[in-house]
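What follows is a short report on a single structure.
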Amino acid sequence: MNDQNVDLNFPTSMPSSSCSFGNTNIAENEMCEQAQNLFDQVMDGETQNSDIVSAARQTLAECEKCQNALDIQLKLRETMNNHLRVAAPQNLRIEISANLKRMDLGKLDITDFFPPNV
Amino acid sequence: MSDSNEFENLAMEYMDQLYSTAKYWTRSEADAADLVQETYLRAFKGFGGFEKGTNLRAWLFRIMKNAHLNMIRKEKTSPQTQDVEEEVAINLSPTNASYLDTLTSKQVEDAISELPQSQKEALLLVELEGFSYKEAADILSIPVGTIMSRLSRARKTLANVLYEYVRKENLITKDTENDKHSGNDKHSEKEVLQKKIEAP
Ligand SMILES: [Zn+2]
Chain A
81 MNDQNVDLNF PTSMPSSSCS FGNTNIAENE MCEQAQNLFD QVMDGETQNS
131 DIVSAARQTL AECEKCQNAL DIQLKLRETM NNHLRVAAPQ NLRIEISANL
181 KRMDLGKLDI TDFFPPNV
Chain B
257 MSDSNEFENL AMEYMDQLYS TAKYWTRSEA DAADLVQETY LRAFKGFGGF
307 EKGTNLRAWL FRIMKNAHLN MIRKEKTSPQ TQDVEEEVAI NLSPTNASYL
357 DTLTSKQVED AISELPQSQK EALLLVELEG FSYKEAADIL SIPVGTIMSR
407 LSRARKTLAN VLYEYVRKEN LITKDTENDK HSGNDKHSEK EVLQKKIEAP
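Listed below in structure tokens is the structure:
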């Protein structure tokens, strides 16, 4: 769906340290940056385009810097999922359920809780 | 079945997800509880307009986003660096993902709260809640391209902030720093990555 943003013209052979052919650091960073944006889309399940996926796979195999960056992104996802999920307090659940029933019975309106903004 | 029973049967299962997101959007458990309550009451009020069979979870998150905007407006306290698209360095300073193994929940929560609000919103919707770019864009009323750029920045910022936390604690040893060329300990991770990339 977002394939139009992806440049598929990845170099076909690359040194192992980064996505570059001995170019300047800026060009090297740009190529790695581009590759990593592409990894994001694959990782997020946003593309099924086989050209993109194979370009991602090739880059991953050939560029250590991109490999590290993707390692970090995947570990970051795992870290967020391990540490950031919290359960809603039980009393909140009970309170909301009770207030929904009161609204249902016409005993309360949303404006009793949250007056309309001016 | 009463209307509220039907609504509860469909909508209450998303409360933990809404609450988790609300907690980091508002940076307060009390505000998160208020925001989730407001979301459910507004959703119930508007439930007649919800098209059955469409994405109820995304609909609830969109209501919560609007309720959050109202909350901010009411309190006249803009959240930290709202809508500022901060530039971050292109390169990740960490060279090995293993530093992420040693983090505490407190550190991860603190790092999330350091993100600009706009980046945090996009990141949590996609990473934590698994919304597609399109769904996240609809919830936040922004273009898909903006989701992608905010997400990319958020991920880099978060990786760097967490790296700084770990560095400050001197938990990164010289060995880890020098490990970038060995790569041996990453063998199994590499296989996981390859699978991920190769998955249809
Ligand atoms: Zn690269």
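Quick note, the sequences are listed as chains A and B, same order. Counting with the working numbering, you get residues 81 to 198 for the letters of the first sequence. Counting with the working numbering, you get residues 257 to 456 for the letters of the second sequence. All residues carry an ideal CB built from backbone N, CA and C; glycine is no exception.
A distance below 7 angstroms between beta-carbons, with the five flanking residues on each side excluded, links residue 380 of chain B to the following residues of its chain, in chain order: 277, 280.
Any Cβ of chain A closer than 8 angstroms to the Cβ of residue 374 of chain B would place that residue at the interface, and such an atom is absent. Cβ-Cβ distances below 7 angstroms link residue 185 of chain A to nothing in the same chain once the five nearest sequence neighbours on each side are left out. Straight through space, the alpha carbons of residue 117 of chain A and residue 268 of chain B are spaced by roughly 35 angstroms.
Near chain A, meaning a CB-to-CB distance below 9 angstroms, the residues of the region 362 to 390 of chain B are 362, 363, 364, 365, 368, 379, 380, 382, 383, 384, 386, 388, 389, 390.
Residue environment for residue 329 of chain B: exposed (fewer than 16 other C-beta atoms within 10 angstroms of its C-beta). For residue 170 of chain A, the enclosing alpha helix (DSSP H) covers residues 170 to 184.
Counting only runs of at least 4 residues, the region 110 to 151 of chain A fully encloses the following alpha helix (DSSP H) elements, listed from N- to C-terminal order: 130 to 142.
Residue 176 of chain A has a beta carbon lying within less than 8 angstroms of a beta carbon in chain B. Rounded to the nearest whole angstrom, the CA to CA distance from residue 418 of chain B to residue 191 of chain A is 42 angstroms. The Cβ-Cβ distance between residue 275 of chain B and residue 168 of chain A falls below 8 angstroms. Against chain B, a Cβ distance below 8 angstroms from residue 126 of chain A picks out 388, 389. Under the three-state reduction of DSSP, residue 310 of chain B is assigned to coil, being neither helix nor strand. With a beta-carbon spacing of about 13 angstroms, residue 161 of chain A and residue 359 of chain B fall beyond the 8 angstroms limit used to define contacts.
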